[in-house]
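For reference, the structure is listed below as structure tokens.
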Amino acid sequence: MIKVLYFARLREQLEMASEEMDSTGLDSVNSVVASLKDRGGIWADVFGGAQPVLMAVNQEMVDGDTAVSDGDEVAFFPPVTGG
Amino acid sequence: MIKVLYFARLREQLEMASEEMDSTGLDSVNSVVASLKDRGGIWADVFGGAQPVLMAVNQEMVDGDTAVSDGDEVAFFPPVTGG
Amino acid sequence: MNRIKVQTEPFDIAQVQDELRADNPAIGAVVSFVGLMRDMNEGDQVATMTLEHYPGMTEKALEEIVQEADERWELMGIRVIHRVGELNPLDPIVIVAVASAHRGEAFQACEFVIDYLKTRAPFWKKEKTADGERWVDARHSDSDAEARWKR
Amino acid sequence: MNRIKVQTEPFDIAQVQDELRADNPAIGAVVSFVGLMRDMNEGDQVATMTLEHYPGMTEKALEEIVQEADERWELMGIRVIHRVGELNPLDPIVIVAVASAHRGEAFQACEFVIDYLKTRAPFWKKEKTADGERWVDARHSDSDAEARWKR
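First to last, the protein sequences are chains A, B, C and D.
If you're matching positions, the first sequence starts at 1 in this note's numbering and goes up one per residue.
If you're matching positions, the second sequence starts at 1001 in this note's numbering and goes up one per residue.
If you're matching positions, the third sequence starts at 2001 in this note's numbering and goes up one per residue.
If you're matching positions, the fourth sequence starts at 3001 in this note's numbering and goes up one per residue.
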């Protein structure tokens, strides 16, 4: 399983803070994104590329090519606005 | 009269903190310096150019060309080391 | 002593700076940045703000930023404290304090840490205005500020 | 409120920063620099230090530096306090605190003020080591730091 987390505006849009996804067929962050987009509706909007989405694997900011494997924690969130 | 002040290392070398000089014949800071140098001894050493001396007229840092006139306050001191 | 902290409670600016320089007579400079909540943003009056973060990753990101500053400059101490949760105008949001022997290093490292924090640490601000709640957008000026340090 | 002060007594770092940002919710950033007395200089242990200045000119010079910073950047407040007289290692010597809406201005103005102070304000340090008393020499690095701001 892969643990997937959503933060801030994304969490509100998707009405979901976290979920567990079967890791079968998911080998990179991009493949996770593709699978989420395929859910259609708001998922297709959020992950369709129109709004900036940052990605982290195991709490490190990464790009879409990064590999994911069973047990990983993957997170999606908007550009950060702290400080 | 011109009031002349000496600070820090200069004050110690010259063993003088301040004095009043007759302004006759003194029209610029350089002419004050020349007159002090003419005293010879330590005065010639201090104002001979071998050690850096900063100058102020009426509490503004200036260069030697600056005019001085009766009633002015002229000060000589080493490069500053505050902060 | 922990160099970074994420907390809901207010922090004591004086204490942070005092602890940082305590008992080390080799320290010649302490530079600190305090980011405060403003009551205006994009032309609108802001009543309150909520700061969300990604627990775990936030601490990791801050540690990495501090570590990188420590490698780039000769420092004698860094502290970063960032608040989360509910905030009001005038509230300090974040403090970055850096100690070093000479001031140049402390100034650069302090600005570096806050610039990187602004673009790399997973915090998100949501503000409440007369028109309701809204997420604060990231600023281009923050990416530009971060880009200055690339090497 | 006086923006600059020269005094023999210690200053309260927290109070300076608190006063600076008090009651102005438009302030988003406070950057402060504190210069501290180090116990080593040029390889020698320093026991105590005496700071001499040129009363009258010092205040004038500091006011001019602060005024120039105010003209160069969009600021919401500046404070400079410099101690004179007898100082010991660990003692704060000077504080420069700057408030602004955004951090870039505050960082630049704060560093500008301390860089200019180091080369333009009439203070002189005399330190006591095991070998006796000696005047501290001006540093080339300070002139270089000042030169960056020339325009």
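All C-beta atoms in this analysis are idealised placements derived from N, C-alpha and C, irrespective of residue type, glycine included.
Open item on the list: Against Lys2150(C), what residues of chain A qualify as contacts under a CB-to-CB distance less than 7 Å, listed in chain order?
Closed with: Per Cβ cutoff of 7 Å: no residues; Lys2150(C) is ~15 Å from chain A at best.
TODO: Measure from the C-beta of Phe3033(D) to each C-beta in chain C and report whether the shortest distance is under 8 Å.
DONE: yes
- [ ] Counting only the same chain and skipping the five closest in sequence on each side, list residues whose C-beta sits under 7 Å from that of Asp1140(B).
- [x] The structure shown has nothing for residue 1140(B), since chain B only spans 1001 to 1083.
Open item on the list: Strictly below 9 Å CB to CB, what residues from chain D border Phe1047(B)?
Closed with: Under the 9 Å cutoff, chain D gives no residues; its nearest Cβ is about 18 Å from Phe1047(B).
- [ ] Grab the span of the beta strand (DSSP E) containing Val1057(B) for me, first residue to last.
- [x] Leu1054 to Val1057
- [ ] Would you mind reading off the limits of the alpha helix (DSSP H) that contains Met2057(C)?
- [x] Looking at the DSSP string, the run of the alpha helix (DSSP H) that includes Met2057(C) is Met2057 to Arg2072.
- [ ] To the nearest angstrom, report how far apart Ala2022(C) and Gln3108(D) are at their CA atoms.
- [x] 27 Å
TODO: Apply the 10 Å Cβ neighbour rule to His2082(C) and answer buried if 16 or more other Cβ atoms are within range, or exposed otherwise.
DONE: By the neighbour-count rule (16 or more Cβ atoms within 10 Å), His2082(C) is buried.
Task: Cβ shell of Gln2045(C) (< 8 Å), same chain only, five flanking positions each side left out - done: Asp2039, Thr2129 and Ala2130
Open item on the list: Suppose contacts are defined by Cβ-Cβ distances below 8 Å. Is Phe1076(B) in contact with Met1061(B) by that definition?
Closed with: no
Task: Between the CA atoms of Thr3008(D) and Ala1017(B) - distance to the nearest angstrom - done: 20 Å
- [ ] Give a yes or no on whether the C-beta atoms belonging to Thr3048(D) and Val3006(D) are separated by under 8 Å.
- [x] no
TODO: Give the residues of chain D in contact with Asp2039(C), contact being defined as C-beta atoms less than 9 Å apart.
DONE: Pro3025 and Ala3026
Task: Listed by chain order, chain D residues near Gln1059(B) by CB distance under 7 Å - done: Residues of chain D passing the Cβ test: Gly3056, Met3057 and Lys3060.
Task: C-beta contact flag for Ser23(A) and Ser69(A) at 8 Å - done: Judged by their CB atoms, Ser23(A) and Ser69(A) are nearer to each other than the 8 Å cut-off.
Task: Among Gly2056(C), Leu2051(C), Phe2112(C) and Val2080(C), the one whose alpha carbon lies nearest that of Phe2162(C) - done: With chain C covering 2001 to 2151 only, the question about residue 2162(C) has no answer from this structure.
Open item on the list: Taking CB distances under 8 Å as the criterion, tell me whether Ala3138(D) reaches chain C.
Closed with: no
Task: Local conformation of Ala2109(C) per DSSP, three classes - done: helix
Open item on the list: Pull the bridge partners of Val62(A) from the DSSP assignment, please.
Closed with: Met55(A)
Task: Gly2132(C) (DSSP reduced to helix, strand or coil) - done: strand
Task: Cβ neighbour criterion (16 or more within 10 Å) applied to Lys3150(D) - done: exposed
TODO: Could you check what DSSP says for Val2096(C) in three-state terms: helix, strand or coil?
DONE: strand
Open item on the list: Buried or exposed for Ile3114(D), going by 16 or more other Cβ atoms inside 10 Å?
Closed with: With a 10 Å radius around the Cβ and a threshold of 16 neighbouring Cβ atoms, Ile3114(D) comes out buried.
- [ ] List the whole-angstrom C-beta distance separating Gly2035(C) from Val2094(C), where the pair is believed to meet the contact cut-off of C-beta under 8 Å.
- [x] 4 Å
- [ ] Output, in sequence order along the chain, the residues in the region 2118 to 2143 of chain C whose CB is closer than 9 Å to any CB in chain A.
- [x] Lys2118, Thr2119, Arg2120, Ala2121, Pro2122, Phe2123, Trp2124, Lys2125, Lys2126, Trp2135, Val2136, Asp2137, Ala2138, Arg2139, Asp2142 and Ser2143
Task: Amino acids of chain C, ordered along the chain, whose beta-carbon sits closer than 8 Å to that of Ala3069(D) - done: Neighbours of Ala3069(D) in chain C, taken as residues at a C-beta separation under 8 Å, are lacking, since the least C-beta distance is about 15 Å.
- [ ] Please report how far the alpha carbon of Ala2097(C) lies from the alpha carbon of Arg2072(C), in whole angstroms.
- [x] Each residue's Cα considered, the two are about 16 Å apart.
Task: Exposure label - Arg3079(D); buried when at least 16 CB within 10 Å - done: buried
TODO: Taking the CB atoms as reference points, tell me whether Leu1010(B) and Pro1078(B) lie closer together than 8 Å.
DONE: yes
Task: Neighbour list for Glu3052(D) in chain B, Cβ cutoff strictly below 8 Å - done: Phe1007 and Ala1008
Open item on the list: Any beta carbon of chain B sitting closer than 8 Å to that of Val3094(D)?
Closed with: By the rule that beta-carbons nearer than 8 Å mark a contact, Val3094(D) touches chain B.
Task: Beta-carbon contacts of Ala44(A) that lie in its chain and below 7 Å, excluding the five residues immediately before and after - done: Lys37, listed in sequence order.
Task: Closer than 8 Å at the beta carbon, the chain D residues around Thr1024(B) - done: The premise fails here: Thr1024(B) is roughly 26 Å from chain D at the closest Cβ pair, so nothing lies under 8 Å.
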